[in-house]
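Chemist: Can you keep this structure in mind? I'll have questions shortly.
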Amino acid sequence: MEEIPVKSEDEQTPDQDFTNIHLRLLDLSDIDDYMVWVMDDKVNQFCSWDHNTSKKAAMKHIVDFIIPHPWFRAICIDDRPIGEISVTPTGGPYYRPYRNKAAIGYVLGSKYWGKGIATRAVKKVAAEIFVEWPHLVRLEGFVDVDNIASQKVLEKAGFQKEGVLREFYIQKGRVRDVVAFSVLSPVFFEFFERAGYNERMSEKNYKSVYGGYGRKSTKESGSRNKKVEGENRMRAKGLFWFVLLGSCLALGVLRSRYTLQ
1 MEEIPVKSED EQTPDQDFTN IHLRLLDLSD IDDYMVWVMD DKVNQFCSWD HNTSKKAAMK
61 HIVDFIIPHP WFRAICIDDR PIGEISVTPT GGPYYRPYRN KAAIGYVLGS KYWGKGIATR
121 AVKKVAAEIF VEWPHLVRLE GFVDVDNIAS QKVLEKAGFQ KEGVLREFYI QKGRVRDVVA
181 FSVLSPVFFE FFERAGYNER MSEKNYKSVY GGYGRKSTKE SGSRNKKVEG ENRMRAKGLF
241 WFVLLGSCLA LGVLRSRYTL Q
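Numbering of the sequence shown is given in full-length UniProt numbering, commencing with residue 1 and proceeding in unit increments.
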């Protein structure tokens, strides 16, 4: 029973005020509620798992996948799970080259479609995940091209539509296209804009953003950019002279060899 990035969701009806919606960890004690949406044929239309999954297999999935997952929550009403939402680091939680990106996925029981619940949950996660994971710059969502309702959820939650990825994943033996969405960390967007895209992104820079760099004045930011540009010019000059010197030495060696011959 494999989870795919983004699954089915809301019908096109106005959002309602569900003030008792909250997110929490899901565990084995929630198995009966979990089975409701796992066995829901309407939900399974855009999911990769088998709708005939047994309770035993579902419990194993909770133990092996959900509990150790880096960020997985149950969508609850009055503390009763009615769906799930997760954020998965792209490329794996320990694959450093891509730890600045993550994919959001969600499922909601069909009984609760059309009430704005998933939209509210996605907005909540998008607002909190950049604080919980300060290294995160980009939150992505990938939705089946035929899952129009789920596409609208991400759009209403503030995600930007980026385009269609052809033959992106296999669902129940079929190769499917998906629509790609994303939302960027507002802090990092301001950071890159102020830095003029000149600064290297590193752990030190991550800390400097949340340490107050994003709130510095334009004058301070401008002087910092000039300093970085000056350092880049010095590096370029050093590389030029290094290459020139290496070329001269190589020519000298070749000339001496021909002279000896």
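Yeah, the Cβ is synthetic: ideal placement off N, Cα and C, and Gly gets one too.
When you compare the CB positions of VAL178 and ASP144, do they come within less than 7 Å of one another, or not?
Modeler: Yes, the pair counts as a contact, with Cβ atoms nearer than the cut-off.
Chemist: So for GLU84, helix, strand or coil by DSSP?
Modeler: If DSSP states are grouped into helix, strand and coil, GLU84 belongs with the strands.
Chemist: Whole angstroms is fine: what's the gap from ALA57's alpha carbon to ILE67's?
Modeler: Answer to the nearest angstrom: the Cα atoms are 14 Å apart.
Chemist: Is the stretch 166–176 touching the stretch 126–135, taking contact as three or more C-beta pairs under 8 Å?
Modeler: In short, these stretches do not touch, since the Cβ pair count stays below three.
Chemist: What are the residues that DSSP puts in a beta bridge with ARG138?
Modeler: DSSP, once it has assigned bridges, lists LYS101 and LEU184 as partnering ARG138.
Chemist: In three-state DSSP terms, what is LYS56?
Modeler: Helix at LYS56.
Chemist: In three-state terms, what does DSSP make of HIS69?
Modeler: DSSP places HIS69 in coil when its eight states are reduced to three.
Chemist: Is the distance from the Cβ of TYR34 to the Cβ of ILE82 below 7 Å?
Modeler: The answer is no: Cβ separation not under 7 Å.
Chemist: Please name the residue or residues paired with TYR169 in a DSSP beta bridge.
Modeler: Answer by DSSP bridge pairing, in chain order: ARG176.
Chemist: Please list, in chain order, all residues of the same chain as GLN151 whose beta carbon is under 8 Å from its beta carbon, the five residues on each side excluded.
Modeler: VAL143, LYS161, VAL179 and PHE181, listed in sequence order.
Chemist: Assuming ALA118 and LEU139 form a contact by the criterion Cβ under 8 Å, report the distance between their Cβ atoms to the nearest whole angstrom.
Modeler: With 8 Å as the limit, ALA118 and LEU139 do not qualify as a contact, their Cβ atoms being about 15 Å apart.
Chemist: Only counting the same chain, and skipping five residues up and downstream in sequence, which positions put a Cβ closer than 6 Å to that of CYS248?
Modeler: Closer than 6 Å at the Cβ level, and outside the excluded window around CYS248, lies no residue.
Chemist: Using a Cβ-Cβ cutoff of less than 8 Å, which residues in the same chain neighbour VAL63 once the five nearest sequence positions on both sides are dropped?
Modeler: Within the same chain, VAL63 has close Cβ partners LEU28.
Chemist: So is GLY246 buried or exposed if we call it buried at 16+ other beta carbons inside 10 Å?
Modeler: The residue is exposed, with fewer than 16 neighbouring Cβ atoms inside 10 Å.
Chemist: State the CB to CB distance for the pair ARG73 and ARG24, rounded to an integer number of angstroms; the pair is presumed to be in contact (CB under 8 Å).
Modeler: At roughly 6 Å, the Cβ-Cβ gap stays under 8 Å, so ARG73 and ARG24 are in contact.
Chemist: With a 10 Å radius around its C-beta and 16 neighbouring C-beta atoms as the bar for buried, classify LYS115 as buried or exposed.
Modeler: The residue is buried, with at least 16 neighbouring Cβ atoms inside 10 Å.
Chemist: According to DSSP, simplified to helix, strand and coil, what is LEU244?
Modeler: In this structure, LEU244 counts as helix in the three-state DSSP scheme.
Chemist: Are the CB atoms of PHE89 and ARG80 nearer to each other than 7 Å?
Modeler: In the sequence on display, residue 89 carries Pro and not Phe. Taking 7 Å as the Cβ cut-off, PRO89 and ARG80 do not qualify as a contacting pair.
Chemist: So who's on the other strand from HIS22, going by DSSP bridges?
Modeler: Beta-bridge pairing links HIS22 to CYS76.
Chemist: Under 7 Å between C-beta atoms, does ILE31 make it to chain B?
Modeler: This model lacks chain B altogether; it includes just one protein chain.
Chemist: My output table needs one value for GLN45: the three-state DSSP class, helix, strand or coil.
Modeler: Reduced to three states, the DSSP call for GLN45 is coil.
Chemist: Which residue wins for smallest C-alpha separation from CYS76, given the options SER86, LYS124 and ILE21?
Modeler: When only C-alpha atoms are compared, the closest one is ILE21.
Chemist: Would you tell me roughly how many angstroms separate the C-alpha atoms of VAL36 and ALA157, rounded to the nearest one?
Modeler: Between VAL36 and ALA157, the C-alpha separation is close to 25 Å.
Chemist: How close, in whole Å, do the beta carbons of ALA102 and VAL87 come, if the pair is a contact with beta carbons under 8 Å?
Modeler: With 8 Å as the limit, ALA102 and VAL87 qualify as a contact, their Cβ atoms being about 5 Å apart.
Chemist: In angstroms, rounded to a whole number, what distance separates the CA positions of MET39 and SER54?
Modeler: If you take the alpha carbons of MET39 and SER54, they lie about 9 Å apart.
Chemist: Going by CA-CA distance only, name the one from SER185, ASP146, GLU155 and HIS135 that's closest to ARG176.
Modeler: Closest by alpha carbon: ASP146.
Chemist: Across which residues does DSSP place LEU108 in a beta bridge pair?
Modeler: In the DSSP output, where bridge partners are listed per residue, LEU108 has GLY83.
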